[in-house]
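Position 15 of the sequence shown, counting from 1, maps to 30 under the working numbering, and the rest follow consecutively.
Each remark here refers to the structure printed beneath this line.
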Amino acid sequence: MAQIIFDNIAKRFGDVSVIENLNLHIRDQEFMVFVGPSGCGKSTALRMIAGLEDISAGSLSIGDRVVNDVHPKDRDVAMVFQSYALYPHMSVRENIAFGLKIRKLPTAEIDGLVSKAASMLGLTEYLDRKPRALSGGQRQRVALGRAIVRNPKVFLFDEPLSNLDAELRVTMRAEISKLQRRLKITTVYVTHDQVEAMTMGDRIAVLAPLKRHPQGNLMQVGTPLELYDRPQNLFVARFIGTPS
Ligand code: ADP
Ligand code: MG
């Protein structure tokens, strides 16, 4: 079970508060989207799950364990960023295998896992290429491959498609959704794009900047249909109703 629970979470940078009163239960195997305008705290909330950001107050659990003080490498989460973050001097094969090599898995096992991930992502014939010889979509698939081979409990995505052109973005949305349903890994996906949120999320958490809503960032959580049909406040109605 890899549910994620934000229990009264707050985050302050020095004396600047960016997240307050965040209570949210992400279900096991769920595809949860964090959506909201730039600066509302989406990345900060995601980075707290990854362990890349200290938690100022409250408790955060993954599975049945409170992880506030658990080191990122012991959290069993894999994060995919927008900038691909591939190693330019390594082949696709080496890029996908890297996280397994540093965990000192046997070579035969690494080869098997890399082949399986590559075939799932349509990368088999590109395994010996360097990232610079790949298209944007292929690079993004390599980044996905690096996350998949680790067989994490949780996938974290921070605006992974924002560097891609519009057409490829639509294709990759569908591929990521399909992959998540196949692997059944609890996923948190950050985007500022309402359409992306509405097409990908099992449920969506709409966040607002604390400057505008000092009582707390979380405006509403619900399925795409619930948010569309029954927005709980003007912020949600406007944000969901206004495609970017
Ligand atoms: P989003 O991902 O929704 O655009 P972020 O989580 O990146 O928003 O940022 C939320 C707020 O926190 C912003 O006002 C941002 O300037 C501030 N912030 C983020 N990281 C830091 C940091 N390391 N130090 C100070 N302020 C930060
Ligand atoms: Mg961000």
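Glycine is no exception: its CB is placed at the ideal position from the N, C-alpha and C atoms.
Note that the coordinates shown come from a computational prediction; the quantities given were computed from them, not determined experimentally.
Check                                                                                                                                                            : Outcome
Just to confirm, does Val50 get its C-beta within under 7 Å of one of the non-hydrogen atoms of the ligand MG?                                                   : no
Residue range of the alpha helix (DSSP H) that Met63 falls in?                                                                                                   : 57-65
Can you tell me whether Val81 is buried or exposed, with buried defined as 16 or more other CB within 10 angstroms of its CB?                                    : exposed
Measuring only the C-alpha atoms, how far is Arg118 from Leu142?                                                                                                 : 21 Å
Is it right to say Thr122 is buried, meaning 16 or more other beta carbons lie within 10 angstroms of its own, or is it exposed?                                 : exposed
Here's a check: name, in chain order, each residue in its chain whose Cβ is nearer than 7 Å to the Cβ of Pro239, leaving out the five neighbours to either side. : Met213, Gly216, Ile219
Among Arg154, Ser74, Ile255, which has the Cα closest to the Cα of Glu35?                                                                                        : Ser74
State whether the stretch 156-167 contacts the stretch 131-147, with contact taken as three or more CB pairs (one from each stretch) at a distance under 8 Å.    : yes
Can you confirm whether Leu67, when its beta carbon is compared against all beta carbons of chain D, has any partner nearer than 8 Å?                            : This model lacks chain D altogether; it includes just one protein chain.
Do Arg147 and Gly129 count as a contact pair if the criterion is CB distance below 8 Å?                                                                          : Inspection of the sequence shows that residue 129 is occupied by Val rather than by Gly. No, they are not a contact pair.
Considering only the alpha carbon of each residue, which of Gln153, Arg27, Val205 lies closest to Glu190?                                                        : Gln153
Got a sec, what are the start and stop residues for the beta strand (DSSP E) Asp244 sits in?                                                                     : Premise fails: Asp244 lies in the alpha helix (DSSP H), 239-244, not in any beta strand (DSSP E).
Does the distance from the C-beta atom of Thr206 to that of Val169 stay below 8 Å?                                                                               : no
Any residues whose CB sits closer than 5 Å to a heavy atom of the ligand ADP? List them in chain order?                                                          : Phe28, Val33, Ser53, Gly54, Cys55, Gly56, Lys57, Ser58, Thr59
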